[in-house]
Ligand code: GLC
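Residue numbers (our numbering): 17 to 556.
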């Protein structure tokens with residue numbers, strides 16, 4: 017494990033849904049002992065850090081993002097001791113682990129809320145946000161649009177409304193209350209003391225509310241997050257905070273502060289634009305959004321991703337672009353959810369290996385540290401007929417056995433059905449087969465990770481668009497301490513011959529990954545012929 021406190025600058029992350037990964041006790045749910053038994057898989061793939069989705073006791077109305085106890089493990093997943101063993105075993109293999117930290121809300125089953133809703137004078141009442149009217153904070157957008165009609169829900173017992181930005185069963189905590197601010201710091205200390213390497217901080221823009229605002233990204237929210245960061249810098253150097261703020265780049269910029277707030281932040285808007293680029297065969301939308309992305313402090317890092325456990329969010333696009341994305345990528349109404357698309361990477365990209373690799377090439381070479389979503393490295397499919405976002409959270413497919421090697425429980429006892437569609441069922445898509453086939457997607461991704469590990473330019477390199485004669489190829493430079501990486505990605509399903517202007521002096525390039533049909537150089541011009549949807553990474 018690299019001892020540098022800036023390890024996250026050049027790390028590859030892997031998002032794990034514990035329930036889906038491996039079931040050790042035949043109850044149909046993945047658990048920590050199961051996950052521990054699979055740790056060598058991550059070592060083989062080469063990832064540096066696992067992000068564990070919420071693993072706390074929860075009624076699971078939002079799959080664990082509704083926490084009923086911040087200090088324990090959901091019984092489906094094992095015990096706190098099982099978690100400690102997992103963490104120890106991960107660390108022994110040089111793997112770091114970050115967990116989800118849900119600051120904004122609890123479950124309505126949390127004892128604080130249970131107390132709070134007993135009476136208006138209950139000592140916990142002020143842990144949540146109450147109002148006599150549902151007219152406060154008018155105009156604040158609703159996030160779970162398909163289910164919720166208001167951010168207020170009425171509490172019968174006490175005759176007041178409580179505030180919630182997500183499901184009604186997820187009441188927002190009241191950050192104006194100093195006791196709440198301290199409680200959540202205790203939660204942070206508890207898990208850091210246990211040894212976790214940091215947190216993916218969930219839904220952070222919404223901590224405070226103020227009349228007349230969007231109740232998002234408020235200065236008070238930033239001030240509290242800076243306090244959390246100070247706590248980490250002071251007592252837990254080397255641990256990280258990753259910001260989930262589904263916002264425009266200039267708004268996310270604020271979450272890095274002057275290097276004194278978050279270490280990392282998801283770059284949400286680039287994600288749909290990678291899909292636009294591949295569909296349109298044109299990098300223009302990617303160019304626009306990256307040109308509009310501000311610089312961040314050197315010790316900070318963007319985090320890029322193609323898919324995750326949620327719907328492919330279309331919040332960071334225009335209305336027109338959203339309609340276009342839905343038409344192109346979610347032609348069936350069932351594929352749509354809230355403002356997004358509930359599909360996995362492989363089905364989105366027509367299960368076309370070239371497109372999947374191209375998307376990953378962009379993921380791995382654009383600025384930022386990439387996160388892989390479990391199963392996408394083997395091209396897993398989805399099941400749009402399952403409720404909510406469950407269709408992208410189905411059991412990991414380890415082999416072609418009855419329950420895909422995920423569990424030895426009878427298939428009807430699994431928490432979710434194994435994908436059984438013709439193109440994606442375990443006989444077609446599984447880890448064992450992918451491992452034994454040197455030409456599989458799994459091995460391409462493994463090689464991409466290995467290349468990143470060998471060269472700091474991926475994590476640290478300054479970014480610039482290459483001087484290239486077409487936007488049908490996404491062509492860009494990354495540059496760090498004399499090393500120059502040129503990433504060329506043919507977005508079209510037709511051969512492209514391009515000319516890229518090289519800065520002088522330039523060494524002869526070495527191919528790190530991918531291939532070109534032809535590569536020739538005259539002076540400071542590089543001529544490259546790329547097959548349809550082909551990428552190449554050149555190191556100068
Ligand atoms: C984040 C999570 C999502 C969850 C929501 C509420 O957006 O990614 O899964 O439902 O926060 O906690």
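The C-beta atom is built at its ideal place from N, Cα and C for all residues, glycine as well.
- Nearest to residue 551 by C-alpha distance, out of 316, 542, 308, 507, is 507.
- Bridge pairing for residue 517: 483, 541 [DSSP].
- In the three-state reduction of the DSSP assignment, residue 91 falls in the helix class.
- Non-local C-beta neighbours of residue 98 in its own chain, meaning closer than 6 Å and more than five positions away in sequence, comprise 48, 49, ordered along the chain.
- Each residue's CA atom was taken as its position, placing residue 479 and residue 496 some 9 Å apart.
- Between residue 501 and residue 544, the C-beta spacing is not below 8 Å.
- If one requires a minimum length of 3 residues, the beta strand (DSSP E) runs lying completely within the segment 364 to 401 are 385 to 389, in chain order.
- Relative to the Cα of residue 451, the nearest Cα in the group 394, 401, 421 belongs to 394.
- Scanning the segment 161 to 247 for uninterrupted beta strand (DSSP E) segments of 3 residues or longer gives 168 to 171, 176 to 179, 214 to 218, listed from N- to C-terminal end.
- For ligand 1, no non-hydrogen atom lies closer than 7 Å to the CB of residue 126.
- The C-beta separation of residue 28 from residue 64 comes to about 5 Å, placing the pair in contact by the 8 Å criterion.
- The straight-line gap separating the alpha-carbon atoms of residue 263 and residue 284 is approximately 7 Å.
- Here residue 412 is not near residue 389, since their CB atoms are 8 Å or more apart.
- Bounds of the beta strand (DSSP E) holding residue 506 are 499 to 506.
- The criterion of a C-beta distance shorter than 8 Å is not satisfied by residue 354 and residue 76.
- Comparing alpha-carbon positions, the option among 221, 106, 492 lying closest to residue 157 turns out to be 221.
- Non-local beta-carbon contacts of residue 327 in its own chain, meaning distances under 7 Å to residues more than five positions away in sequence, involve 353, 354, 356, 357, 358, 405 in chain order.
- Residue 289 is positioned such that its CB atom lies closer than 8 Å to that of residue 305.
- At the C-beta level, residue 142 and residue 190 come within 8 Å of one another.
- Shown here, residue 45 sits in coil according to DSSP, grouped into three states, outside any helix or strand.
- The Cβ atoms of residue 122 and residue 89 do not sit closer than 8 Å to each other.
- Pairing residue 443 with residue 473 gives a Cβ-Cβ distance that is not under 8 Å.
- Of the residues 527, 556, 521, the one whose Cα lies closest to the Cα of residue 539 is 521.
- Under DSSP, the beta-bridge partners assigned to residue 68 are 32, 115.
- DSSP places residue 529 in the uninterrupted beta strand (DSSP E) bounded by 526 to 530.
- Measuring C-alpha to C-alpha distances from residue 254 to each of 118, 279, 266, 274 identifies 279 as the nearest.
- Collapsing the DSSP output to three states places residue 106 in a helix.
- Under the DSSP definition of a beta bridge, residue 259 partners with 217, 281.
- If you look at residue 494, you'll find it in the beta strand (DSSP E) that goes 489 to 496.
- Selection 149, 207, 197 evaluated against residue 179 yields 149 as nearest (Cα-Cα).
- The segment 100 to 119 makes contact with the segment 213 to 230; the number of CB pairs closer than 8 Å reaches 3 or more.
- Looking at the DSSP output, residue 254 sits in no beta bridge, so it has no partner there.
- Taking C-beta atoms as the reference points, residue 475 and residue 25 count as a pair closer than 8 Å.
- At a Cβ-Cβ threshold of 8 Å, residue 183 and residue 198 do not count as neighbours.
- Within the DSSP secondary-structure output, residue 536 pairs in a beta bridge with 543.
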